[in-house]
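Scroll down for the structure; my scribbles are underneath it.
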Ligand SMILES: Cc1cc2nc3c(=O)[nH]c(=O)nc-3n(C[C@H](O)[C@H](O)[C@H](O)COP(=O)(O)O)c2cc1C
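This is the structure in structure tokens:
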């Protein structure tokens, strides 16, 4: 393992290292207004949800590394205490990137990046019509983490109202991640998207918990065939299922493990256990 002392890196190197490792990050596309009513639009990937009741999200505009100055979005929320946070999908991500340009504060990035304004209902900040999700937010707190370039400013926002494109819901009225098609930020110039190949399910009933590695039979835990990934799937059952499949008894131990591994690859945990017991 490479060991890196924080003091050995300058702010830009540290920024590159942190943003290339802590990935993927969702992108808050933040709409604000200055005191003269001028619109501002900028993306921030230092962003996530931190509370449900109340619904709270946080994003962080860092002070500019070049001259330690505060970004326009931060100045606007310090003043107005409100913002709209939209989410970026593949359709609009090029425009989102364009809006991140370091334009003067008198430039309207809605116009610069080709977005349409829509009136919010509870606050005096515009929604982004092309975004699949818009949150109307009030800013409840701003926590400055330092004064130098690169220092974060946690903008703590309570969501007051949610606007969602109805086309992203499936038949059960649940959000389909592929229809929502949210993009994420990785390091440097990389972005990620929610494609069929990049998503998977881990079935785990919330009402129970798995038996854990420590309750797996030795023969399984010591097997050369299974990886940690396979063992975690086997250890996720409430209890080791009762024996059903008699045919598997004729297989040698390693053959059983290879067969069970194949079945695990298809996500069939109970069936894999039937081979093993
Ligand atoms: C996808 C993306 C994510 C970004 N995330 C952040 C971030 O989390 N924090 C930050 O300070 N700047 C971030 N930036 C850069 C800002 O968007 C950029 O500095 C912008 O000019 C700030 O605009 P403002 O001065 O109008 O607030 C990001 C840029 C892009 C393209």
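In my numbering, the protein residues as written are 17 to 293. Glycine included, C-beta positions come from ideal geometry on N, C-alpha and C.
(1) Let me know the alpha helix (DSSP H) ranges lying completely inside the region 210-278, each 4 residues or longer, listed in chain order.
(2) Would you mind reading off the limits of the alpha helix (DSSP H) that contains residue 25?
(3) Determine whether the Cβ of residue 92 lies closer than 8 angstroms to any Cβ atom of chain C.
(4) In three-state terms, what does DSSP make of residue 291?
(5) So for residue 170, helix, strand or coil by DSSP?
(6) When you measure from the CB of residue 78 to every non-hydrogen atom of ligand 1, does any distance come out below 7 angstroms?
(7) My output table needs one value for residue 78: the three-state DSSP class, helix, strand or coil.
(8) Beta-carbon separation of residue 40 and residue 202 under 8 angstroms?
(9) Any chance the region 88-96 sits against the region 184-195, with 3 or more Cβ pairs inside 8 angstroms?
(10) Report buried or exposed for residue 75, applying the criterion of at least 16 other Cβ atoms within 10 angstroms of its Cβ.
(11) Rounded to a whole number of angstroms, what is the C-alpha to C-alpha distance between residue 19 and residue 51?
(12) Which of the three DSSP states is assigned to residue 116 in this structure?
(13) Given residue 254, which residues of its chain have a CB within under 6 angstroms of its CB, disregarding the five upstream and five downstream residues?
(14) Return helix, strand or coil for residue 86, following the three-state DSSP convention.
(15) Need the endpoints of the alpha helix (DSSP H) that residue 131 sits in, please.
(16) Below 7 angstroms CB to CB, which residues in the same chain sit around residue 276 once its five sequence neighbours on both sides are set aside?
(17) List the endpoints of the continuous alpha helix (DSSP H) containing residue 195.
(18) I'd like to confirm the pairing. Which residues does DSSP put opposite residue 42 in its beta bridges?
(19) Take residue 65 and list the residues in its own chain whose beta-carbon comes closer than 6 angstroms to its own, dropping the five residues that flank it on each side.
(20) Nearest-angstrom Cα distance between residue 279 and residue 215?
(21) What residues match up with residue 165 in a beta bridge as DSSP calls it?
(22) Taking 8 angstroms as the cut-off, does the region 118-130 touch the region 163-179 (at least 3 CB pairs, one atom from each stretch)?
According to the data block:
(1) You should have 234-237, 244-250.
(2) Premise fails: residue 25 is in no alpha helix (DSSP H) and is neither H nor E.
(3) Within the model displayed, chain C is absent; a lone protein chain is all it includes.
(4) Residue state for residue 291 is assigned as helix, using DSSP reduced to three classes.
(5) DSSP places residue 170 in strand when its eight states are reduced to three.
(6) Checking the Cβ of residue 78 against ligand 1 gives yes.
(7) Under the three-state reduction of DSSP output, residue 78 falls in the coil class, being neither helix nor strand.
(8) Cβ distance < 8 angstroms, so residue 40 and residue 202 count as in contact.
(9) Taking 8 angstroms as the limit for Cβ pairs, the verdict is that the region 184-195 does not touch the region 88-96.
(10) Buried, since its Cβ has 16 or more Cβ neighbours within 10 Å.
(11) A straight line joining the alpha-carbon of residue 19 with that of residue 51 spans about 47 angstroms.
(12) Coil at residue 116, not helix or strand.
(13) In chain order, 224 place their CB closer than 6 angstroms to the CB of residue 254, counting only its own chain and leaving out the 5 sequence neighbours on each side.
(14) In this structure, residue 86 counts as coil in the three-state DSSP scheme.
(15) First-last for residue 131: undefined, no H or E at that position.
(16) Excluding sequence neighbours, residue 276 sits near 288, 291, 292.
(17) First-last of the alpha helix (DSSP H) with residue 195: 193-196.
(18) Beta-bridge pairing links residue 42 to 200.
(19) Correct list, in chain order: 73.
(20) In a straight line, the C-alpha of residue 279 is about 19 angstroms away from that of residue 215.
(21) Bridge partners of residue 165: none, in fact.
(22) These segments do not touch.
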